[in-house]
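Chains as they are written, first to last, in this note's numbering: chain A, 233 to 655; chain B, 233 to 655. Virtual Cβ for every residue (Gly too), placed ideally from N, Cα, C. Source: prediction; values computed, not measured. What follows is one structure encoded as structure tokens, with my remarks underneath.
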């Protein structure tokens, strides 16, 4: 069989499994998840052996230390993976809820809007093998069949994890095709997945900018993309100094590689030499590289000069651009021009300014006196997330179980004799 | 300037207008709509003159009678257009509602989920000039900037209608760029629109299968597509005869060209010779062409033979395929195989069968004892709709004002001292 035939077969089987999952009761899905978690623990040795094989091939291929670390599994990480699957089992089922209901007086219809699974979700990710378990569990809990395409480096690890997930599915009497792994590292398989509109309902890429851009350019299947996180923290004239320093420190330095990390700090002219100076000193003293405009540079000799491209750069590193703004209007205009509609924060004690900022900034997440690093499904209380969406359709911000469902309308007659004929 | 430059300019202006609309109060939007409706009436003569020009060119180009009728405006249709815009003004504003709100105990965050506009919506439609007013009004009311691309046949009519809409926007102090029309009939402009991810947030095609397929193939911008409406009516063993005949008649014949029209009737073996015969006779006597399987053909000599392709054909005409099924399982399997996930109905007095059908059929709309032609925003009580979506992300079924918004999260601290740092 050709690769295209293989992928078609995979898609067809996913669609068939999705028809079963559509109606699978919560208890059965949870049983599969708990059995899968147990199987991950029981199969830890073979998962670790498969991972050693991946690690050896990756070392031979001279991959970076960072990538090797993402690829590495150890007993603690395997246990965390099993715990993650158990966490998903304990989360509420997003399927079946009545989202809305109303009667239409004019025709006597009774309409219910019910949450139903999306169908088949393809998740394309890079080297972390734990995504195989995470994404598989989230799709299963939300009643969706999953087609997983992991990074080629983690191929053997992912296969071993998949065996555990299948054990869980079998234990609960569910089809193994509910969670499938693309059985090849051929890059062409991704292209085929992105065109399988008949079998795939949504594509979720979990990886860097280049993967997301490829998916945006090529996919015929609707996507939940994560494009950029150029997040801002604006220190308003009425900011509290202690809050400003604490929030900015966390927003920039807690973890520099996450999409919710602040990449640009805007400081109001009125507080530049007071609060601004304190914020800047704290970051510099903690080893952060600052790139400022001329006014900001005057605060400290360690501040480098910012260039135009800095305002739109997502560093994902211990670097931040810093700009003085004349007031909230200039801050809003700057964010509108350079921001990525992901996450932006204002530090202020002025309720009107906070209200103006949260209304005007057109981002998935806007915060008042809190760190942009709260842009995370865990912090939102979602329990688990498959990623963060930067698009505007369907899901915006963290994508948890509730975002992995769609809805259907069920129409019945609200009263005898009404509503059987459209008028 | 090149066409690409023109389109870029159009997109940039739409994005700028969308930033204004994001925060425009309901009263101001409604004022613009009411003024636009008045302007449509006041400018009726020039709209009709522009339409005569379109009609002359269309007649010279030998367009079909059906197309000419879709293109034609007359005083009654202009009045209906003005009334339609007034209807949208009276509908509730979908923007600003608090869709959800919760506190996260673990970190002290207070999270609000608020309805906000999508941004810039491009609507691509065919010959009906009234879509210019309808789509422009719906986008404006939902706080979105609109880029409208009408059919080349209706170019002058649409321009004249646009002048009226602009008069309304000016009257309310809103930017004219809130509603723009692609100022050329060049087909390449559509291709450019579909690639303008920087400026266009959603593409809504309103037209036939070929337009929707082109958009699906080419668009880099997320879309709300309408692909197919192969709708089924299943007459269950426990159907009521009168209901079955009345509903099927309406579902097939009320209007045959709408996407919610029934294209396949499934008749349970148990009632084939009783209710099935009555349903078939009613349709045949009313001039409908029936294509049946061997068992169905035995009911009446006028029934033609159905071929495999009939089960997946959307006739949009006074033709229907009819199949006998052994029971609900076979009906469900047939719909899963041939259906288009649009709208399907069961006729039954058996509550369990109804429940099984509505749970198992994976369509946007499922009905019990009611006509598939209820698949319509008007019948849902939406007041107005921009179309019906057959995709699964964001909007499924009728797309009214509530489906033309997305959401943002606003995060504040729920209690003193909490929640400024992500943990």
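- Here residue 305 of chain B is buried, its C-beta having at least 16 other C-beta atoms within 10 Å.
- Chain-ordered, the chain A residues with CB closer than 7 Å to the CB of residue 475 of chain B read 652.
- Taking residue 593 of chain B as reference, the option from B/571, B/280, B/433 and B/316 with the minimal CA-CA separation is B/571.
- Residues of the same chain with a CB within less than 7 Å of the CB of residue 638 of chain A, apart from the 5 flanking positions on each side, are 348 and 350 in chain order.
- With fewer than 16 other Cβ atoms inside 10 Å of its own Cβ, residue 539 of chain B counts as exposed.
- Listed along chain B, the residues sitting closer than 7 Å to residue 641 of chain A by beta-carbon distance are 596, 597 and 629.
- The beta-carbon separation of residue 398 of chain B and residue 644 of chain B, rounded to 39 Å, does not stay under the 8 Å limit for a contact.
- Under a criterion of Cβ atoms nearer than 8 Å, the residues of chain A adjacent to residue 603 of chain B are, in order, 652, 653 and 654.
- Annotated three-state conformation of residue 539 of chain A is coil, per DSSP.
- Look at residue 414 of chain B: its C-beta is not under 8 Å from any C-beta on chain A.
- In this structure, the CA atom of residue 610 of chain A is about 20 Å from the CA atom of residue 355 of chain A.
- For residue 463 of chain B, the enclosing beta strand (DSSP E) stretches over residues 463 to 467.
- From the listed residues B/640, B/384, B/291 and B/265, the smallest Cα separation to residue 360 of chain B is found for B/384.
- For residue 339 of chain A, the closest alpha carbon among the candidates B/545, B/608 and B/655 is that of B/608.
- Taking 8 Å as the upper bound for CB-CB distance, residue 457 of chain A and residue 444 of chain A are in contact here, some 5 Å apart.
- DSSP places residue 279 of chain A outside any beta strand (DSSP E); the residue lies instead in the alpha helix (DSSP H), whose first and last residues are 276 to 292.
- At the C-beta level, residue 272 of chain A and residue 327 of chain A stay beyond 8 Å of one another.
- According to DSSP, residue pairing for residue 455 of chain B in a beta bridge involves B/435.
- In this structure, the CA atom of residue 236 of chain B is about 16 Å from the CA atom of residue 380 of chain B.
- Among the bridge pairs identified by DSSP, residue 611 of chain A is matched with none.
- Take the alpha-carbon of residue 266 of chain A and the one of residue 257 of chain A: they are about 15 Å apart.
- Here residue 521 of chain B is bridged, per DSSP, to B/551.
- In the DSSP secondary-structure assignment, residue 342 of chain A is bridged to A/335 and A/644.
- The Cβ-Cβ distance between residue 484 of chain A and residue 552 of chain A falls below 8 Å.
- Under the DSSP assignment, residue 495 of chain B falls in the beta strand (DSSP E) whose first and last residues are 494 to 500.
- Listed along chain B are 586, 590, 599, 600, 601 and 602, each with a C-beta nearer than 9 Å to that of residue 644 of chain A.
- Against chain A, the beta carbon of residue 568 of chain B has neighbours under 8 Å at 251, listed in chain order.
- The criterion of a C-beta distance shorter than 8 Å is satisfied by residue 412 of chain A and residue 242 of chain A.
- Residue 412 of chain B sits in a strand when the DSSP states are folded into three classes.
- Around the beta carbon of residue 587 of chain A, a 10 Å sphere encloses fewer than 16 other beta carbons of the protein chains shown; the residue is thus reported as exposed.
- When Cβ-Cβ separations below 8 Å define contact, residue 478 of chain B makes contact with chain A.
- Across the structure, residue 465 of chain B and residue 376 of chain A are spaced so that their CA atoms are roughly 27 Å apart.
- Note: residue 349 of chain A is bridge-paired with A/637 in the DSSP secondary-structure output.
- In the DSSP annotation of this structure, the continuous segment of the beta strand (DSSP E) that includes residue 599 of chain B starts and ends at 597 to 600.
- Between residue 389 of chain A and the set A/628, A/407 and A/363, the nearest pair of CA atoms involves A/363.
- Rounded to the nearest whole angstrom, the CA to CA distance from residue 291 of chain B to residue 357 of chain B is 20 Å.
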